[in-house]
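Each residue of the sequence shown is one higher than the last, beginning at 1 in the numbering used here.
For reference, the structure is listed below as structure tokens.
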Amino acid sequence: PILVTSATLTPSALNDVKKTLTFQDEKLFVSQCSIDRPNINLAFRPILNSRSSFIDLKFLLRDWQPGHPPPPKFIVFFDSIPESVQAGHYL
């Protein structure tokens, strides 16, 4: 058995994968799920300060203080691991 996964495979790309891997339609199982996740929100904000200052990330923790319940979970993408570590220290 072969498993192919993708979060963004278009119908055209799926056809390319099937041809490349010589999948036969009668032996193929394709599962497509909705990407609608009500608990996930995308946010885009302009960077107003120096990227290296991480000040623009402060909104993620709002009024959170040590000793309070944990803030809501979030993900921020960075271009490098060292940059993400620096942001973590800032936050």
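In this text, a Cβ means the ideal position worked out from N, Cα and C, and glycines have one as well.
Requested in this report: Note the first and the last residue of the continuous alpha helix (DSSP H) segment covering residue 14.
Outcome: Taking the sequence shown and counting its residues from 1, one reaches residue 14 at position 14. First-last of the alpha helix (DSSP H) with residue 14: 11-20.
Query raised in the report: Does DSSP put residue 88 in a helix, in a strand, or in coil?
Result: For the purposes of this step, residue 88 is taken as the residue at position 88 of the sequence shown. In this structure, residue 88 counts as helix in the three-state DSSP scheme.
Query raised in the report: From residue 8 to residue 33, what distance separates their C-alpha atoms?
Result: Counting from 1 along the sequence shown, the entry for residue 8 is found at position 8. Counting from 1 along the sequence shown, the entry for residue 33 is found at position 33. If I take the Cα positions, the gap works out to 11 Å.
Query raised in the report: When you compare each of 39, 69 and 56 to residue 46 by their alpha carbons, which one comes out closest?
Result: Translated into the one-based positions of the sequence shown, residue 46 becomes position 46. Of the listed residues, the one whose Cα sits closest to residue 46 is 56.
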